[in-house]
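Visitor: This is the structure, below, for whatever I ask next.
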Amino acid sequence: MKALVTGGAGFIGSNIVQLLLEKNHQVVVLDNLSSGYRSNLAPFPDILFIQGDIRDQDALASAVEGVDVVFHLAASVGNKRSIDHPIEDAEINVIGTLRLLEAMRRAGIPKIVNTSSAGIFGELKTLPIAENHPIDPDSPYGVSKLAAEKDALAYSKLYGIEVVSLRYFNVYGVNQRFDAYGNVIPIFAHRMLHGETVTVFGDGEQTRDFVNVRDVASANYCAAITKGVGGVYNIASGTSISINGLIELMQDVSGIQPTVDYGPPRAGDVRHSLADISAARAAFGYQPTVELRAGLDEYMKWFAEEAKRS
710 MKALVTGGAG
720 FIGSNIVQLL
730 LEKNHQVVVL
740 DNLSSGYRSN
750 LAPFPDILFI
760 QGDIRDQDAL
770 ASAVEGVDVV
780 FHLAASVGNK
790 RSIDHPIEDA
800 EINVIGTLRL
810 LEAMRRAGIP
820 KIVNTSSAGI
830 FGELKTLPIA
840 ENHPIDPDSP
850 YGVSKLAAEK
860 DALAYSKLYG
870 IEVVSLRYFN
880 VYGVNQRFDA
890 YGNVIPIFAH
900 RMLHGETVTV
910 FGDGEQTRDF
920 VNVRDVASAN
930 YCAAITKGVG
940 GVYNIASGTS
950 ISINGLIELM
960 QDVSGIQPTV
970 DYGPPRAGDV
980 RHSLADISAA
990 RAAFGYQPTV
1000 ELRAGLDEYM
1010 KWFAEEAKRS
């Protein structure tokens, strides 16, 4: 199998690249390196790397040549970033995805595993969240990921491209670097390792469903190799923990006791999150295996080593 990974130099994309190579597949990576790192791909000299943007038709035409499946990770990510930069968010996540789908249609590529997000749901009315939970995104990011998801499904109906959209919950793990707009885990890790105050928006009793990036990579691979599973699926751990509980776990595995400051809740953030992952399990055998404590232990060690190198 020859696979294209858009955003393959990024956090999740590079983990998918690693898994594909371990399974002896050919890999093409398209990434503009706006948030990805070429160093993430340094261990993989056999890939074809194309530095380019998913909004660039010429770059896409080169990237999709001879490809059997596309893993679409290139995106502008996060509620806060989208609130600050809504136009850029839509250009990348909506227009970029449409340009990719058009390139796939022209090249006759039969399948895409598309990255969606739990951000499409907005405030949650029932837990755990199944795929048919009411959709009411409350940030430009959620809106753009929903639009991209719908566009991909439309291309499936119109042109027969098999589309699997995976709605990620809170992904963490190796190759996830600190970003002020990013996931709470690398932000906490950065502040803890630098002796800075950890800021919590709200009372810390809000809950999240954290899933390790290795499990997310496995979900992508299983969705790609399983035929006839088009549709949308939640990808998460199926368990949740409060932000206060997360801080305690990170303290336990790192031995660092940070000062914690509580501020007002942040616009666009949901109160609780917990996924029902039974549909993905039934459709393509998705099964998360990385327990949160073990995953945090691995991540904190990686993060500390990465901090020394940078």
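For the sequence shown, my numbering gives the first residue as 710, with consecutive numbering after it. Glycine included, every Cβ here is placed at the ideal spot set by N, Cα and C. Nothing here was measured: the structure is a model prediction, and the numbers come from that model.
1) Exposed or buried, which one is Asp841 when buried takes at least 16 other CB atoms within 10 Å?
2) So, is Tyr868 buried or exposed, given that buried needs 16 or more other C-beta atoms within 10 angstroms?
3) Helix, strand or coil, according to DSSP, for Val778 in the structure here?
4) Between the C-alpha atoms of Thr906 and Phe780, what's the straight-line distance to the nearest angstrom?
5) For the region 852-861 and the region 981-995, state whether three or more C-beta atom pairs, one from each stretch, are separated by less than 8 Å.
6) With a CB to CB cut of under 6 Å and the five nearest residues on each side skipped, what residues in its chain are close to Gly911?
7) By how many angstroms is the C-alpha of Phe897 removed from the C-alpha of Asn1062?
8) How long is the line joining the alpha carbons of Leu855 and Val909, rounded to whole angstroms?
9) To test your reading of the DSSP string, which unbroken beta strand (DSSP E) runs of 3 or more residues are found completely within the region 959-1010?
10) How about Gly817: is its Cβ closer than 7 Å to a heavy atom in the ligand FAD?
11) Suppose contacts are defined by Cβ-Cβ distances below 8 Å. Is Ala816 in contact with Glu774 by that definition?
12) Give the straight-line distance between the Cα atoms of Ile725 and Glu914, rounded to the nearest whole angstrom.
13) Name, in chain order, the residues that DSSP records as bridge partners for Lys820.
14) Do you know whose CA, among Val925, Ala799, Val920 and Cys931, lies nearest Ala1003's CA?
15) Just list the beta strand (DSSP E) runs in the region 827-881, keeping only unbroken ones of 3 residues or longer that don't cross its boundaries, in chain order.
16) According to DSSP, Gly940 sits in a beta bridge with which residue or residues?
17) Can you tell me which residues form a DSSP beta bridge with Asp740?
18) Within a Cβ cutoff of 7 Å, which residues of the same chain sit near Leu1005, ignoring the five residues on either side of it in sequence?
19) Looking at Ala933 and Val776, is the spacing between their C-beta atoms short of 8 Å?
20) Quick one: what's got a C-beta closer than 7 Å to Pro795's C-beta in the same chain, skipping five residues either side?
21) Compute the Euclidean distance between the alpha carbons of Gly717 and Gly828, then round it to the nearest angstrom.
22) Taking the alpha carbon of Ser825 as the reference point, which residue from Met901, Ala945 and Phe993 has its own alpha carbon closest?
23) Determine the closest residue to Asp924 out of Ile818, Pro997, Leu730 and Pro752, with distance taken between C-alpha atoms.
24) If distances are taken between C-alpha atoms only, which option among Val999, Ala976 and Met1009 comes closest to Arg793?
Guide: A quick look at the data gives this:
1) In the sequence shown, the residue the question calls residue 841 occupies position 132. The question names Asp, but residue 841 in the sequence shown is Asn. It counts as exposed.
2) In the sequence shown, residue 868 corresponds to position 159, counting from 1. Under the 10 Å beta carbon count, Tyr868 is surrounded by fewer than 16 other beta carbons and is classified as exposed.
3) If you number the sequence shown from 1, residue 778 lands on position 69. Residue state, collapsed to three classes: strand.
4) Here residue 906 refers to the residue found at position 197 when the sequence shown is read from its first residue. Here residue 780 refers to the residue found at position 71 when the sequence shown is read from its first residue. The straight-line gap from Cα to Cα measures roughly 37 Å.
5) No, they do not touch.
6) Position 202 of the sequence shown, counted from the start, is the residue given in the question as residue 911. Correct list, in chain order: Pro974.
7) Within the shown structure, residues of the chain are numbered from 710 to 1019, placing residue 1062 beyond reach of any answer.
8) Working through the sequence shown from its first residue, we reach residue 855 at position 146. Working through the sequence shown from its first residue, we reach residue 909 at position 200. Their backbone Cα atoms lie some 28 Å apart in a straight line.
9) The beta strand (DSSP E) runs of length 3 or more contained entirely in the region 959-1010 are, from start to end of the chain, 969-972.
10) With respect to the ligand FAD, the structure shown offers nothing to examine, as it has no ligands at all.
11) Within the sequence shown, numbered from 1, the residue matching residue 816 stands at position 107. Within the sequence shown, numbered from 1, the residue matching residue 774 stands at position 65. Result yes, Cβ atoms of Ala816 and Glu774 sit closer than 8 Å.
12) Along the sequence shown, read from residue 1 onward, the residue named residue 725 stands at position 16. Along the sequence shown, read from residue 1 onward, the residue named residue 914 stands at position 205. Those two C-alpha atoms are separated by around 32 Å.
13) Here residue 820 refers to the residue found at position 111 of the sequence shown. Val778 and Glu871, per the DSSP bridge assignment.
14) Within the sequence shown, numbered from 1, the residue matching residue 1003 stands at position 294. For the options Val925, Ala799, Val920 and Cys931, the alpha carbon positioned closest to that of Ala1003 is the one of Val920.
15) Taking only runs of at least 3 residues, the beta strand (DSSP E) segments lying wholly in the region 827-881 are 871-877 and 879-881.
16) Stepping through the sequence shown from its first residue, residue 940 is reached at position 231. Note: Gly940 is bridge-paired with Val873 in the DSSP secondary-structure output.
17) For the purposes of this step, residue 740 is taken as residue 31 along the sequence shown, with counting starting at 1. Partner(s): Gln760.
18) Locating residue 1005 in the sequence shown gives position 296, where the first residue counts as 1. Around Leu1005: Leu958, Met959 and Val962.
19) Position 67 of the sequence shown, counting from 1, holds the residue named residue 776. Position 224 of the sequence shown, counting from 1, holds the residue named residue 933. For Val776 and Ala933, no; Cβs fall outside 8 Å.
20) Walking along the sequence shown from the start, residue 795 turns up at place 86. The answer, listed in chain order, is Pro849.
21) The residue given as residue 717 occupies position 8 in the sequence shown. The residue given as residue 828 occupies position 119 in the sequence shown. Cα to Cα, Gly717 sits roughly 22 Å from Gly828.
22) Here the question's residue 825 lines up with position 116 in the sequence shown. Minimum Cα distance to Ser825 is reached at Ala945.
23) Here residue 924 refers to the residue found at position 215 of the sequence shown. Checked all of Ile818, Pro997, Leu730 and Pro752; the closest Cα to Asp924 is Pro997.
24) Position 84 of the sequence shown, counted from the start, is the residue given in the question as residue 793. First, the amino acid is wrong: residue 793 is Asp here, not Arg. Minimum Cα distance to Asp793 is reached at Ala976.
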